[in-house]
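Trainee: Counting in the numbering used here, the sequence shown tops out at residue 403, every number present.
C-beta: ideal position from N, C-alpha, C; glycine also.
Every value quoted in this text rests on a predicted model; they were computed, and no experiment measured them.
The following block contains the structure, expressed as C-alpha cells.
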Amino acid sequence: MATGNRYTGLIGKYADRLPLSSDAAPISLGEGNTPLIRLDNLVRDIGKDVELYVKYEGLNPTGSFKDRGMTVAVTQAVAEGSQAIICASTGNTSASAAAYAARAGIKAFVLIPDGKIAMGKLAQAIMHGAEVLQIHGNFDDGMRIVKEMAETAPVSLVNSVNPYRLQGQKTAAFEICEALGRAPDYHCLPVGNAGNITAYWMGYSEMALKPGEAGTQACKFCEGDCQFHQAAVASRPVMVGYQASGAAPFLRGHPVEKPETIATAIRIGAPQSWDQALAASRESSGWFDEFDDEAILETQWLLTSREGIFCEPASAVSVAGAIADIRSGKIAEGSTVVCTLTGHGLKDPGVAERYADAAVSTLAAESSAVKEAILGKMR
Ligand code: F0G
C-alpha cells in the first residue's frame with residue numbers, strides 16, 4: 025500500500041464542499057490542481073502596473089475545464105445507478121463526458137453541431153468510445169434535444185444545467201484563492217453557455233467571509249494547519265465575461281439566432297445559465313464585452329509566442345478582454361487579475377495552418393542548407 029501524498033482529483037480534495045454522498049465512489053482522472061501562471065511578458069508589453077495571471081485549465085486530463093464538472097456529475101450519475109450519460113456540446117464537454125464515461129464503464133451519447141467542432145475534440149469523443157451523434161443544427165438545437173432526452177430516455181444529462189457540473193467547476197475558484205492567498209480583484213473568462221462564470225461566482229462566494237465573520241486567514245474547516253482546505257478570503261472578485269462578437273447574446277441583451285465565430289467552443293446563442301450569469305455580473309459589479317475573431321486569434325498568438333502558453337481560441341478571449349480593459353484603465357492599476365484559459369490549444373490545431381507558411385521552411389537535407397537557414401533567421 026502506497027503511503028505517499030498522491031493527488032487524486034477534486035472529489036478527494038474537496039469532498040466536504042461537494043454535495044456527493046460519502047459512499048459515492050469517485051470517478052476521477054486526477055482533474056484540477058492546474059497552474060496559475062503569471063504573465064510577465066504581456067504585462068511588460070502593456071506597460072501597466074497589474075498582476076495578471078492565467079488559470080491554465082487546458083492542463084486538465086482531457087484538456088479543458090469541463091473535467092472539473094464531469095468528475096462530479098458522472099460520479100453522481102453512477103451513484104444513482106445510471107447506465108448512460110448524454111450531452112450536447114461544442115466539443116469539450118463531449119470529450120470530457122466520453123472519457124469519464126469510459127472510466128465509469130457506462131455509455132456516453134454526445135450531440136455535436138454539424139461540422140463545427142474542432143478536430144481534437146472529435147478525436148477524443150471517438151477514441152473514448154462515445155456514441156457521437158452529429159446533428160444538422162447548432163449547439164442550441166442540441167441542448168433542446170438532450171434536455172428532452174433526459175426526460176424521456178434512460179440517460180443522465182451532464183451539461184452544465186446539471187447542478188453537479190457547476191459544483192465541480194466552482195473548485196477552480198478555491199484553487200485560485202489558495203494559490204494567491206486571497207481572491208483576485210478581477211476574474212475574466214470566456215462566456216458561452218454561461219455555466220463557468222456561474223460556477224466561479226459560486227466558488228468565490230463560498231470562499232468569502234460572511235458579513236460579521238472575523239477576518240481570519242485560518243482554515244474554516246479544520247483545526248490548525250491543513251494542506252487541503254483553504255483560508256476564507258475577505259472579498260470576491262469583479263466578474264468580467266467576454267464573448268465572441270458573432271455569438272454575444274449578453275451584449276445584445278437577447279439570444280442570438282445564428283451564432284458564428286472561429287472560437288467554436290463558444291459558438292452559442294442561447295446560454296442555459298443566462299439568469300445566473302447576469303446575477304454574477306450584477307452582484308460583483310462586473311460587465312460583459314465582446315471581441316471579434318481577429319482579436320481573439322491575435323491574443324491566442326500573443327499567448328503562444330510571448331508567454332509559451334497554447335490555449336484554444338475561445339480561451340484567448342478572456343485575455344483579449346483583460347488586456348483591453350487594463351489598457352483602457354477600466355481595470356485599475358494595482359489590481360490582481362485572473363483569466364481562465366479554458367481549453368488547450370492542441371484541441372484545435374487547425375488554427376495553426378494560417379501561420380504555417382511563414383513558420384515552416386522546407387530545405388534540402390544538407391547541413392549547409394540548415395546552417396544557412398539558422399544564420400538567416402538569427403539576423
Ligand atoms: N471555453 C471553452 C474552451 C469551452 O469549451 C466552453 C464551453 C467555454 C469556454 C464557455 O464556457 O459554456 O461555461 O460559458 N464549451 C461547452 C462545450 C459549451 O460543449 O464544450 P461556458
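Rounded C-beta distance between MET23 and CYS201? I'm assuming under 8 Å.
Mentor: Outside the shown range of the chain (25 to 403) lies residue 23, about which nothing can therefore be said.
Trainee: Classify GLN241 as buried or exposed, calling it buried when 16 or more other Cβ atoms lie within 10 Å of its own Cβ.
Mentor: For the purposes of this step, residue 241 is taken as the residue at position 217 of the sequence shown. Residue placement at GLN241 is flagged as unreliable, the pLDDT there being 45, under the threshold of 50; the coordinate-derived value follows with that caveat. Exposed: under 16 other Cβ atoms inside 10 Å.
Trainee: Just tell me which of SER309, VAL341, SER308 has its CA closest to the CA of GLN324.
Mentor: As a first step, residue 324 is located in the sequence shown; it is residue number 300 there, counting from the start. For the residues SER309, VAL341, SER308, the minimum Cα distance to GLN324 belongs to VAL341.
Trainee: Please classify VAL394 as buried or exposed, where buried requires at least 16 neighbouring CB atoms within 10 angstroms.
Mentor: Within the sequence shown, residue 394 is the residue found at index 370, counting from 1. With fewer than 16 other Cβ atoms within 10 Å, it is exposed.
Trainee: Would you mind stating whether GLY28 and GLU55 have Cβ atoms separated by less than 8 Å?
Mentor: On the sequence shown, position 4 is the one that residue 28 refers to. On the sequence shown, position 31 is the one that residue 55 refers to. Cβ distance not < 8 Å, so GLY28 and GLU55 don't count as in contact.
Trainee: Spatial neighbours of GLU318 within its chain, please: C-beta separation below 6 Å, excluding the five flanking residues on both sides.
Mentor: The count along the sequence shown starts at 1 and reaches residue 318 at position 294. Excluding positions up to five away in sequence, the list is empty.
Trainee: Whole alpha helix (DSSP H) runs in the segment 36–115 with 4 or more residues, listed along the chain?
Mentor: Entirely contained in the segment 36–115, the alpha helix (DSSP H) runs reaching 4 residues are, in chain order, 64–70, 90–103.
Trainee: When you compare the segment 174–185 with the segment 277–294, are there three or more beta-carbon pairs, one atom per stretch, that lie closer than 8 Å?
Mentor: No, the segment 174–185 does not touch the segment 277–294.
Trainee: Report yes if the CB atom of VAL361 is closer than 8 Å to the CB atom of PRO208, and no otherwise.
Mentor: For the purposes of this step, residue 361 is taken as the residue at position 337 of the sequence shown. For the purposes of this step, residue 208 is taken as the residue at position 184 of the sequence shown. For VAL361 and PRO208, yes; Cβs fall inside 8 Å.
Trainee: For the segment 326–394, list the alpha helix (DSSP H) runs that are entirely contained and at least 4 residues long, ordered along the chain.
Mentor: Within the segment 326–394, the complete alpha helix (DSSP H) runs of at least 4 residues are 337–352, 377–383.
Trainee: Report the rounded CA-to-CA distance for GLN148 versus HIS278, giving the unit in angstroms.
Mentor: Here residue 148 is taken as the residue at index 124 of the sequence shown, counted from 1. Here residue 278 is taken as the residue at index 254 of the sequence shown, counted from 1. Approximately 33 Å, taken between the alpha carbons.
Trainee: Roughly how many whole angstroms lie between the Cα atoms of TYR210 and LEU387?
Mentor: The sequence position of residue 210 within the sequence shown is 186, counting from 1. The sequence position of residue 387 within the sequence shown is 363, counting from 1. Rounded to whole angstroms, TYR210 to LEU387 spans 48 Å at the Cα level.
Trainee: Check whether the segment 40–47 and the segment 99–118 touch, using three or more Cβ-Cβ pairs below 8 Å as the test.
Mentor: Because the criterion of three Cβ pairs below 8 Å is met, the segment 40–47 and the segment 99–118 touch.
Trainee: For ligand 1, is there any heavy atom lying closer than 7 Å to the beta carbon of PHE163?
Mentor: Counted from its first residue, the sequence shown places residue 163 at position 139. At least one heavy atom of ligand 1 is nearer than 7 Å to the Cβ of PHE163, so yes.
Trainee: Taking the beta carbon of LYS401 as the centre, do at least 16 other beta carbons fall within 10 Å, making it buried, or is it exposed?
Mentor: Within the sequence shown, the letter at position 377 stands for residue 401. So LYS401 ends up on the exposed side.
Trainee: At what residues does the alpha helix (DSSP H) containing GLN191 begin and finish?
Mentor: As a working note, residue 191 is residue 167 in the sequence shown. Counting along the chain, the alpha helix (DSSP H) containing GLN191 begins and ends at 187–193.
Trainee: Leaving out five residues before and five after PRO85 in sequence, what residues of the same chain have Cβ atoms less than 8 Å from its Cβ?
Mentor: To locate residue 85, count along the sequence shown from 1; it is residue 61. Around PRO85: LEU53, GLY54, GLU55, ASP91, ALA123.
Trainee: Kindly examine ligand 1 and report whether one of its heavy atoms sits closer than 7 Å to the Cβ of GLU230.
Mentor: Within the sequence shown, residue 230 is the residue found at index 206, counting from 1. No, the beta carbon of GLU230 sits no closer than 7 Å to any heavy atom of ligand 1.
Trainee: Restricting to Cα atoms, I'd like to know which of LEU302, GLU314, ALA126, SER308 is closest to GLY270.
Mentor: By 1-based counting over the sequence shown, the position of residue 270 is 246. For the residues LEU302, GLU314, ALA126, SER308, the minimum Cα distance to GLY270 belongs to GLU314.
Trainee: Looking at the unbroken alpha helix (DSSP H) that takes in GLY161, where does it start and where does it end?
Mentor: Within the sequence shown, the letter at position 137 stands for residue 161. It is not in any alpha helix (DSSP H) - GLY161 carries neither H nor E in the DSSP assignment.
Trainee: Nearest by alpha-carbon distance to VAL257: which of LYS140, LEU190, GLU199 is it?
Mentor: Start at 1 with the first residue of the sequence shown, and residue 257 comes out as number 233. Of the listed residues, the one whose Cα sits closest to VAL257 is GLU199.
Trainee: Let me check you understand the geometry: is the CB of ASN116 closer than 7 Å to at least one non-hydrogen atom of ligand 1?
Mentor: Within the sequence shown, residue 116 is the residue found at index 92, counting from 1. True, at least one ligand heavy atom lies under 7 Å from that Cβ.
Trainee: Do LEU365 and GLU75 come within 8 Å of each other at the CB atom, strictly closer than that value?
Mentor: Locating residue 75 in the sequence shown gives position 51, where the first residue counts as 1. Locating residue 365 in the sequence shown gives position 341, where the first residue counts as 1. Cβ atoms of GLU75 and LEU365: not closer than 8 Å.
Trainee: Could you spell out the range, first to last residue, of the alpha helix (DSSP H) harbouring GLU230?
Mentor: In the sequence shown, counting from the first residue as 1, residue 230 sits at position 206. Its alpha helix (DSSP H) spans residues 219–231.
Trainee: Could you give the first and the last residue of the continuous beta strand (DSSP E) run that contains ALA428?
Mentor: What the structure shows of the chain is the stretch from 25 to 403, and residue 428 is not part of that stretch, so it cannot be assessed.
Trainee: Can you determine whether any heavy atom of ligand 1 sits closer than 7 Å to the C-beta of ILE110, and answer yes or no?
Mentor: Counting from 1 along the sequence shown, the entry for residue 110 is found at position 86. ILE110: no, Cβ never under 7 Å from ligand 1.
Trainee: Below 8 Å CB to CB, which residues in the same chain sit around TYR224 once its five sequence neighbours on both sides are set aside?
Mentor: Position 200 of the sequence shown, counted from the first residue, corresponds to residue 224. Cβ within range, chain order: GLN193, LYS194, ALA196, ALA197, HIS211, LEU213, MET263, ALA304, THR364.
Trainee: Do you know how far the Cα of LEU60 is from the Cα of LYS72?
Mentor: In the sequence shown, residue 72 corresponds to position 48, counting from 1. In the sequence shown, residue 60 corresponds to position 36, counting from 1. Computed Cα separation, rounded: 20 Å.
Trainee: Throw me the rounded Cβ distance for the ILE136 and ALA108 pair, which I believe falls under 8 Å.
Mentor: What you label residue 136 is simply residue 112 of the sequence shown in a count that begins at 1. What you label residue 108 is simply residue 84 of the sequence shown in a count that begins at 1. Actually they are not in contact, since the Cβ atoms of ILE136 and ALA108 sit about 17 Å apart, beyond 8 Å.
Trainee: Taking 7 Å as the cut-off, is the CB of ILE290 close to at least one heavy atom of ligand 1?
Mentor: What you label residue 290 is simply residue 266 of the sequence shown in a count that begins at 1. Yes, ligand 1 has a heavy atom inside 7 Å of this Cβ.
Trainee: ASP313 by DSSP, collapsed to three states: which one?
Mentor: Mapped onto the sequence shown, residue 313 falls at position 289. Residue state, collapsed to three classes: strand.
Trainee: Which class does PRO273 belong to by DSSP, given the choice of helix, strand or coil?
Mentor: Position 249 of the sequence shown, counted from the start, is the residue given in the question as residue 273. Note: PRO273 maps to helix in three-state DSSP.
Trainee: To the nearest angstrom, how far is the alpha carbon of PRO273 from that of LEU302?
Mentor: For the purposes of this step, residue 273 is identified with residue 249 of the sequence shown, where counting begins at 1. For the purposes of this step, residue 302 is identified with residue 278 of the sequence shown, where counting begins at 1. C-alpha separation (whole angstroms): 11 Å.
Trainee: May I ask whether a heavy atom of ligand 1 can be found less than 7 Å away from the beta carbon of GLY367?
Mentor: Counting from one through the sequence shown, the residue named residue 367 turns up at place 343. Under cutoff, so the answer is yes.
Trainee: Return yes when the Cβ of GLN267 is within less than 8 Å of the Cβ of VAL185, no when it is not.
Mentor: Looking up residue 185 in the sequence shown gives position 161. Looking up residue 267 in the sequence shown gives position 243. Contact flag unset, no.
Trainee: Exposed or buried, GLY332, counting other C-beta atoms within 10 Å across all chains shown (16 or more means buried)?
Mentor: Within the sequence shown, numbered from 1, the residue matching residue 332 stands at position 308. GLY332 comes out exposed.
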